[in-house]
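Residue numbers (our numbering), protein chains in the order written: chain A, 130 to 538; chain B, -11 to 617; chain C, 34 to 326.
Positions of the beta carbon are idealized from the N, C-alpha and C atoms, including for glycine.
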């Protein structure tokens, strides 16, 4: 009978669950590193769900680092291996994942997840268990006011300062060239919001009037009415806090509405390389400003090697920013481990990082006491289908600065 | 009075499935589980500890949800929202008061969640079934929206971070664990206590048949409000501990619909309406969740697993694990035995002691019930059309008429099941046509149904305990299975002769037996007026006679009756006066003598060749053959 | 004034798509009293099928509508026979949970097959717009709106003029009556579910053109669709159209005049207000309450 067989099935599941729970309870956690085998680095990433785009890219960065490191003899003479869990962009899961990695799996080291929303709870687990937590994606300021001692953000600055150089440059333009009005649409996100707020603070202090400022929810797909409102406000410049998709859609919407401001800045979205180019169309990328932690043109140590290995592993594609950030995080970890000479004392690793700086493919990174980085983001602009760096001048890969959709500024 | 036939000597099957044995087995299992649970942090595996802590949070939420979804039968997908509200309350207060342990705020979080839940219950008092579910979904998403927008309070999408626990590292997870275990214990205690009171039986009555529950005095909207509030109380507290454990609360994490789905899944898997079912369910679902992530391979596997589990549950095991096990045991135990319905009825017992004895009015009584110009249409169909009649106090009045004449509709209008388009209904001079069914029940109207509407899943005794004479907190808290209420119910059961069936499931009774129990239910209300819808319909002659006896006995003590009936000998032998209804209006009234000879009545209903042989209520009748008198 | 009209135009265009998507949902509820929470997931499935046809064969979404419609009809029929059939007539919580479970399974499967990143179909009309004086009408939206009107019109014709349509309407208003006059209610139910799902063939194709989508998108859609059918009255096709337009315009107005984050709240507020104040919606009918007996 269907009934009793279903019942049998369920009873079996219940029994198995009880047994499983019992076994799990009594199994002590695996002891960390036995000195000979590979060094295991644990991480949880959003490979599915809302943040899956960035999560997958970050994982690629980790993989490239692993390939290069192992080819060069490994870390402290031992091969490295990753243990990666998918947290599905869910906080409960990321907590369980890191607990599992540190506890049950007994990994030697951990690296962070992608997105502040996941990394805030994840870093708490690491801090509680005394593990060093190097984070490729922790732009939110809230991460650093909790008194944690072992957290480090492996990019040049927190979100609020990302657009600083751009805003300062605009503010420094002579009055007849500087735009009089600006619009600030932003994604409702702890990453994107602060970027725009930081820029607005600098620009409005310099006399650029804010004629539109609003926040749109994360799942907004249709930007036509938002763009209509921005257009009607008469803004000469648009500074958008975006993530990826929303940046693409906003731009396409601007075309439909026939709205073409002189200056367009989008955070994050334009850093997605070919995905952005295809999503928007090349002539639309021309002149779009963005802030980036990374550019493939940079002459930073290890960058050529990174790009070559990435192309080799991933079908000749250009590495996106999140992959580079992941790679840099691993580089920071590597530097600390090699300097201290062992993986057993996480406190020593943290202390070394507080006292020193590390050269990565993003440039030289160094940190404040609370783990937030000291430094400035790069400001880039798409020119001729290539993402160039335009600020700061000393690392710029291009001399000109264009207006959106072509023409000198 | 003979009871059921003695059972065969218990065989091995009977012994193995003996309820008493299983009660002890259950107690032992629960005890072992409790000990393991309390001492769990001794486990050397911190990821197992993590799973158990999360499972505890879900178990508390599931146990709370059981009150509104399990007992009252209202599927709510907003339980996750209350968990989140608790978490946010705790986080906001913790941030505003650094230096105070976040645990202190748990009771406050619980109260806030309970108040919000009660408000939601208030707003949805008229919603049932699909509407209710949709509203709870909308509510969860709306709360998420508010959390995102009200940045002043909640810090918007960025969320609120909490400090790391301030106790020594060696204590590990003990504080979280013990607080949650204590909350779980409280939650189970609350659930157990509710089940044992009239409030609990009332909730189950609402689940089984909300309309019927109204007619026995159960004020469904208020019950729902209370149930909702109670369901969220401990959940909110668990939420604040949960937020503290994660050290971070934010809108997308705390108010995801999937969280509510997980909690509902736990309740249904374990068995809704049972005490331990939701807990069992939570402790199966949460490890499954973790397992799907780590070993199964990630987000998509988890979705397919949860979705598949949900689908399979609904299709194959909708009642859940514990009730199915119970049912299975019951079937094994009773295989080959004869059900109770074969037993003979007891004799009509002593009339029940009435707490407010009524005097039988000596003279021609004032009407107890007056119906004036009542009208009710359904679309183009005028079911009741300018109907007016009175029911004298202390009488047994009959309402007869052909099918489709509107008799049941009139009953529905009087008992409050429907509201009239026009007209007035006066009970003892008071206009009641705008009152709710339960208010009318509290004023002394009781009513039975043509197709009996007992609460099938409850026992006969519980069915008779369920009605509420008047609404007060004291009444709600009265014990349902023991105490004064139960004794009274037993008296009434004895009166109608159904004592032997006290503990039988009401759904297993025969039609006639159900009618008797329904009558006993109505008597709990100590009604002034009882509406009987075809009391003699569909039952054997012995039972018909018993019905007549019971009606007469109650009438002697002062209860007024209004019957709808087709069995003419029964009516003519019992009732005076008689009202005849046709096409929604009264066409004749008078004593049995007049009615039998009234040409309108003969034309519309009785037919030219109607013969009455034997006694009618008003004396011997010359048999009339054909034609007019 | 101009921006108000522009907002209204955008609202009406988007409302047409909503109407198309909601029509199947309300039809299914009207006949079967089943709230199909998987409707959004089916729509996304149709979008993915359209996308696949476009990326493999270069087939324009408009041309792939017939193919995808037939495919979705088959999917609907199969799902009905395997799962939905068994819960008809049971307590509403069961159908809600069942369809929700189906939506989760669909989301997981779509994630396996197509991955979890977002996709969209780029055609030559995707970024173009038609200028009408001071107003711009996005071309893709315009085309989609026209398709929606055509499909809804076809649906209406099927319901009014064909025997199957009459059978569906009969079963929807009185099931036992329909049984008595020889309508096989169980096959009508299967047919209804399949037709309701088939309308998503066109609807999903339209989504693929104007919105980027990924397997997880179905959540937002189902909330909006529920609001539409609740507002219009569960079971009423004209009601769904009216409801869709109201919500489409409402969302646009909210964006322009209150703030970009507010359109999200419009569906939920509508659900709340309607179910509390007027549960039968704008055009639904009240049933005789004591039909149980």
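Among residues of its own chain, excluding the 5 on either side of residue i, which ones have a beta-carbon nearer than 6 angstroms to its beta-carbon?
i                      : result
residue 316 of chain A : 370, 371, 372, 375
residue 350 of chain B : Legend: pLDDT at residue 350 of chain B = 49, less than 50; position of this residue unreliable, no value from coordinates given.
residue 409 of chain A : 377, 380
residue 55 of chain C  : 258, 261, 262, 273, 277
residue 401 of chain A : 373, 449
residue 73 of chain C  : 251, 254, 255
Tell me which same chain residues have a C-beta within less than 8 angstroms of the C-beta of residue i, skipping the five on either side of it?
i                      : result
residue 317 of chain C : 265, 266, 267, 268, 269, 272
residue 533 of chain A : 389, 390, 391, 392, 393, 415, 416, 417
residue 168 of chain C : 35, 38, 39, 42
residue 108 of chain C : 75, 78, 230
residue 499 of chain B : 440, 526, 527
residue 452 of chain A : 186, 187, 189, 190, 193, 439
residue 357 of chain C : Examination of residue 357 of chain C is not possible in this model, given that chain C is present from 34 through 326 alone.
residue 365 of chain A : 308, 309, 310, 311, 390, 391, 392
Using a Cβ-Cβ cutoff of less than 7 angstroms, which residues in the same chain neighbour residue i once the five nearest sequence positions on both sides are dropped?
i                      : result
residue 161 of chain A : At residue 161 of chain A, the pLDDT of 47 sits below 50, so the modelled position is not reliable; the number obtained from the coordinates is stated separately. 235, 237, listed in sequence order.
residue 360 of chain A : 386, 388
residue 22 of chain C  : The first residue shown for chain C is 34 and the last is 326, placing residue 22 of chain C beyond what the model contains.
residue 263 of chain A : 240, 241, 281, 283, 458, 461, 462
In terms of DSSP beta bridges, what is residue i paired with?
i                      : result
residue 380 of chain B : B:355
residue 342 of chain A : A:313
residue 625 of chain B : As displayed, chain B neither begins before -11 nor continues past 617, which places residue 625 of chain B out of reach and without an answer.
residue 564 of chain B : B:384
residue 548 of chain B : B:517
residue 559 of chain B : Per DSSP, none; premise fails for residue 559 of chain B.
residue 635 of chain B : The structure shown does not extend to residue 635 of chain B, since chain B is modelled only from -11 to 617, so the question has no answer here.
> Would the segment 186 to 200 of chain B and the segment 63 to 80 of chain B be scored as touching if the rule is three or more Cβ pairs under 8 angstroms?
Replying inline: no
> Residues in the segment 110 to 129 of chain B with C-beta within 8 angstroms of chain C's C-beta atoms, listed in sequence order?
Replying inline: 111, 112, 114, 115, 117, 118, 119, 121, 122, 123, 125, 126, 127, 129
> If contact means a Cβ-Cβ distance below 7 angstroms, which residues of the segment 322 to 348 of chain A contact chain C?
Replying inline: 343, 344, 345, 346, 348
> Below 8 angstroms, can you find three or more Cβ-Cβ pairs linking the segment 464 to 476 of chain A to the segment 440 to 447 of chain A?
Replying inline: no
>> For the pair the segment 286 to 299 of chain B and the segment 85 to 96 of chain B, tell me if three or more CB-CB distances fall below 8 angstroms.
In response: no
> Do the segment 57 to 71 of chain C and the segment 196 to 206 of chain C meet, that is, are 3 or more Cβ pairs less than 8 angstroms apart?
Replying inline: yes
>> Contact between the segment 215 to 223 of chain C and the segment 115 to 130 of chain C is defined here as three or more beta-carbon pairs at a separation below 8 angstroms; is this criterion met?
In response: yes
>> So if I threshold CB-CB distances at 7 angstroms, which residues from the segment 293 to 304 of chain B count as touching chain C?
In response: 294, 295, 296, 298, 299, 302, 303
>> Using a Cβ-Cβ cutoff of 9 angstroms, what residues of the segment 50 to 78 of chain C are near chain A? List them in chain order.
In response: none
>> Tell me whether the segment 261 to 274 of chain B and the segment 209 to 229 of chain B touch, counting them as touching only if at least three CB pairs, one residue from each stretch, are closer than 8 angstroms.
In response: no
>> For the segment 129 to 151 of chain C, list every residue whose C-beta sits within 8 angstroms of some C-beta in chain B, in sequence order.
In response: 129, 130, 131, 133, 134, 135, 136, 137, 138, 139, 140, 141, 142, 144, 145, 149
> For the segment 242 to 271 of chain C, which residues have a CB atom closer than 9 angstroms to at least one CB atom of chain A, in sequence order?
Replying inline: 243, 244, 245, 246, 247, 248, 249, 250, 252, 253
> Mind pulling the beta strand (DSSP E) runs of 3 or more residues that sit fully within the segment 196 to 275 of chain B?
Replying inline: none
> At what residue ranges does the segment 462 to 508 of chain B contain a whole run of the alpha helix (DSSP H), taking only runs of 4 or more?
Replying inline: 472 to 484
> What residues in the segment 258 to 274 of chain A bring their beta carbon closer than 7 angstroms to a beta carbon of chain B?
Replying inline: 269, 271
> Quick one: complete beta strand (DSSP E) runs, 3+ long, within the segment 192 to 233 of chain A?
Replying inline: 209 to 215
> Taking any Cβ of chain C, which residues in the segment 179 to 195 of chain A have a Cβ under 8 angstroms from it, in chain order?
Replying inline: 179, 181, 182, 185
> Listed from N- to C-terminal order along the chain, which residues in the segment 225 to 236 of chain B have their beta-carbon within a distance smaller than 7 angstroms of any beta-carbon of chain A?
Replying inline: 234, 235, 236
> Can you list the beta strand (DSSP E) stretches of 3 or more residues lying completely in the segment 395 to 431 of chain B, in chain order?
Replying inline: 410 to 415
> Taking a cut of 7 angstroms between CB atoms, which residues from the segment 37 to 49 of chain C lie near chain A?
Replying inline: 39, 40, 43, 47
>> I'd like to know if the segment 82 to 91 of chain B and the segment 51 to 61 of chain B are in contact, where contact means that at least 3 CB-CB pairs between them fall below 8 angstroms.
In response: no
>> Restricting to runs no shorter than 3 residues, where is the beta strand (DSSP E) found entirely within the segment 342 to 425 of chain A?
In response: 366 to 369, 392 to 395, 418 to 421
>> Could you check whether the segment 387 to 405 of chain B touches the segment 359 to 378 of chain B, counting it as contact only if at least three pairs of C-beta atoms, one from each stretch, sit closer than 8 angstroms?
In response: yes
> Which parts of the segment 282 to 327 of chain A are runs of the alpha helix (DSSP H), unbroken and 4 residues or longer, counting only runs that do not cross its ends?
Replying inline: 293 to 300
>> Taking 8 angstroms as the cut-off, does the segment 494 to 510 of chain B touch the segment 553 to 572 of chain B (at least 3 CB pairs, one atom from each stretch)?
In response: no
>> Whether or not the segment 405 to 416 of chain B and the segment 448 to 458 of chain B are in contact is what I'm after, with contact meaning three or more pairs of Cβ atoms, one per stretch, closer than 8 angstroms; do they touch?
In response: no
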